[in-house]
Amino acid sequence: MIERSVYRQIIHSVSLRPVTLITGARQVGKTTLCLKLRDEKGFNYVSLRYKSERAMARSDPDMFLRLHEAPLIIDEIQYAPALLESIETAVDGMREDGKENTGMFVLTGSQSYKLMEGVTDSLAGRISIINMSPLSMSEIVGREEPPFDIDLPENIRRSTEYSLGPKEFYERLIRGMYPEPETKPELTTDEFYSDYVDTYIDRDVSEIINVVNKEKFHAFMQLVASLTGQELNYERIASDVGIDGKTVKSWISVLMTGDIIHLLQPYNDRSTSKRIVKRPKLYFWDTGLACHLARVLDADSLMAGYLKGPMTETFMVNEILKTYRNNKMASPCYYYREGNKNEVDVVIVRNGKISLIECKSGSEFEWDDIKTIQKGIPSQYPIVGRCILCLAEKAYPINDMVYALPFTAI
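Dropping the structure here:
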C-alpha cells in the first residue's frame, strides 16, 4: 500500500475536530485511507454505496446514527446529505453533556454542490475539510513531502533522491497519478480512464446537472483537456463546442466541483499594471485523464505532439500544488502574464517573499527561456528565488540568478 502524505493531516484533524470531511475526485483513494483509519484507530465503518444503508440514512438519519455508533466513518456521504443535520445534533449533544466530542465522525464524499452546501449550513465550526488529490511523485517513491518553495540546498538534495529519464517521464504523464493503475500494472490506462469517464464522470455530472446532450459534454471535456495549461477562455470553448457561454461556465463549475480541474489565478499586486491578464489558467488535476480525453495515448505521441509542453507544465504545477494540499495549507501559488506575453508559470508568495518558477520540457536553456523570471515582476515583495523546473539530470546554474532544477526537486 502506498503511504499517503495526507493521512497525517486526517489523524491531526480527528484529534482536534468532531467531524472530518475528506473530499476529492473519484478514485483518489479516500476509501482506502478510511479503511486504514478503521483498522488503526478502531473507528466503526459504513458505506452508503450499499442501497440498504443508503435507504436508512435517507429515511431515518437519527436511527441510522443510533445503529452505527461513533466514532464512525461514513463513506460516500453525498448519497445522504440529510445525515449532516443529525450529525450536527449528535456532536452538539456530546458537548452539551460535557463530554469529549473530538473524533466522532469521519466523512468522505466526492464534492458536489448539495454536499458542500449542507456542510456549510450544518457543520460550520465543527468540521475540518481535507481535500485529497491523486498520488504525488513523493508518495509513489515513499519520501517526505514538505511544501515546495525555492530553497536551493534543499531543492538540490531532493532532486538526487530519484530520477526519471525523458521517456519514463512522459510514460508517467500518460499513466497518470490515480492509485488503481499504479497498484495494478496489468490495468491499461485506456481501460481505467474509459471506465472512469463513463462510470464516474457521467454519473456524478448527472447528479449535479441535467445534461441533455452527453455527446456535447464529452466533446466539451475533450476540448478542455486539450487546453490544460492555458488561460480559460469561455467564449472560445463555447464557439468550438457549439454551446452558449452560460453553459460553458456551468460545465466548468461541474468539473471543478468534482475536482477534475482547477484554476490558477493571475498574480495581482497593488503595483501591478493594468496590462496584466485577468483570466485564470486551467489545469486538469491528472495528466493521465487529460491525455486520455485529448486522445494522446502513448508517450511517443505525447513527446512528438503539441501537448508535450502543456502536459509537462500541468504535471509540474500539480506536483507543486499537491505539496500544499497534502500539508493542509492554502495554496500560495499564482501565475503571471503581461499583455506583451511575458509569463511566469508559477509565482509562490510565502513569508513576505516571492519565488518565480518556469516549468519546461527541456533540459538546456537560453536567455529567452529565463528573461522574464530574471527581469522579475512588479511586486511589493522581494523576489528571493528563480528557477526552471525541467527534465535535466542534475541541478545546475543557468546564470548567477537562475537555476535549472530537475522536477524531482519538488
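In this text, residue positions in the sequence shown follow the numbering used here: the first is 97, and each later residue adds one. Backbone N, C-alpha and C fix where the C-beta goes; we use that ideal spot for every residue, glycine too. Predicted model, so just to flag it, every value in this text is computed and none were measured.
Neighbourhood of residue i by C-beta distance below 6 Å, restricted to the same chain and skipping five residues each side
| i | result |
| --- | --- |
| residue 158 | 182 |
| residue 408 | 457 |
| residue 327 | 375, 377 |
| residue 324 | 379, 380, 386, 406, 410 |
| residue 420 | 243, 427 |
| residue 492 | 500 |
Other residues of its chain near residue i: CB distance less than 8 Å, five sequence neighbours each side excluded
| i | result |
| --- | --- |
| residue 112 | 198, 224 |
| residue 391 | 318 |
| residue 184 | 218, 219, 222 |
| residue 267 | 395 |
| residue 352 | 358, 359 |
| residue 134 | 140, 141, 169 |
| residue 215 | 117, 180, 223, 225 |
Nearest-angstrom beta carbon gap, residue j and residue i [assumed within contact, 8 Å]
| i | j | result |
| --- | --- | --- |
| residue 115 | residue 203 | 7 Å |
| residue 450 | residue 478 | 7 Å |
| residue 201 | residue 170 | 7 Å |
| residue 357 | residue 231 | In fact, because the Cβ distance is near 18 Å, the residues do not count as touching under 8 Å. |
| residue 101 | residue 311 | Contact flag wrong, Cβ pair sits at about 39 Å. |
| residue 416 | residue 442 | 6 Å |
Cα-Cα separation, residue i to residue j
| i | j | result |
| --- | --- | --- |
| residue 452 | residue 168 | 44 Å |
| residue 123 | residue 275 | 7 Å |
| residue 59 | residue 260 | Residue 59 lies beyond the residue range present for the chain, which begins at 97 and ends at 506; the question has no answer from this structure. |
| residue 329 | residue 362 | 14 Å |
| residue 505 | residue 385 | 24 Å |
| residue 471 | residue 304 | 46 Å |
| residue 367 | residue 476 | Residue placement at residue 367 is poorly supported in this model, since its pLDDT is 47, which falls under 50; the coordinates still yield a value, given next. Cα to Cα, residue 367 sits roughly 7 Å from residue 476. |
| residue 374 | residue 364 | 9 Å |
| residue 461 | residue 176 | 54 Å |
| residue 286 | residue 279 | 16 Å |
| residue 422 | residue 105 | 8 Å |
| residue 196 | residue 147 | 32 Å |
| residue 341 | residue 499 | 42 Å |
| residue 446 | residue 253 | 21 Å |
| residue 337 | residue 343 | 11 Å |
| residue 153 | residue 164 | 10 Å |
| residue 404 | residue 296 | 27 Å |
| residue 350 | residue 496 | 45 Å |
Unbroken alpha helix (DSSP H) run spanning residue i, endpoints
| i | result |
| --- | --- |
| residue 496 | Element bounds for residue 496: n/a, residue is neither H nor E. |
| residue 506 | Where residue 506 is concerned, there is no enclosing alpha helix (DSSP H), given that its DSSP letter is neither H nor E. |
| residue 161 | 157-163 |
| residue 235 | 233-237 |
Residue interval of the beta strand (DSSP E) (run including residue i)
| i | result |
| --- | --- |
| residue 225 | 223-228 |
| residue 117 | 115-120 |
| residue 485 | 479-486 |
Neighbourhood of residue i by C-beta, 7 Å cutoff - its chain only, sequence neighbours within 5 removed
| i | result |
| --- | --- |
| residue 321 | 380, 386, 389, 390 |
| residue 149 | 142, 143 |
| residue 382 | 230, 272, 273, 274 |
| residue 255 | 491, 501, 502, 504, 505 |
Chain D within 7 Å of residue i, Cβ atoms only
| i | result |
| --- | --- |
| residue 407 | Structure shown: chain D not included; a single protein chain is present. |
Whole runs of the beta strand (DSSP E) within the region 333-400, excluding any shorter than 3 residues: 357-360, 377-380
Extract the residue ranges of the beta strand (DSSP E) inside the region 415-462, only unbroken runs of 3 or more that lie entirely within it. 429-433, 439-446, 449-455
Where in the region 168-218 do unbroken runs of the alpha helix (DSSP H), each at least 4 residues long, occur, reported from the N-terminal end onward? Runs found: 179-192, 209-218.
Tell me the start and end of each unbroken beta strand (DSSP E) in the region 100-153 that is at least 3 residues and wholly inside, in chain order. 115-120, 140-143
Fully enclosed by the region 251-326, which alpha helix (DSSP H) runs are 4 residues long or longer? Qualifying alpha helix (DSSP H) stretches, in chain order: 262-271, 275-279, 285-291, 298-304, 310-322.
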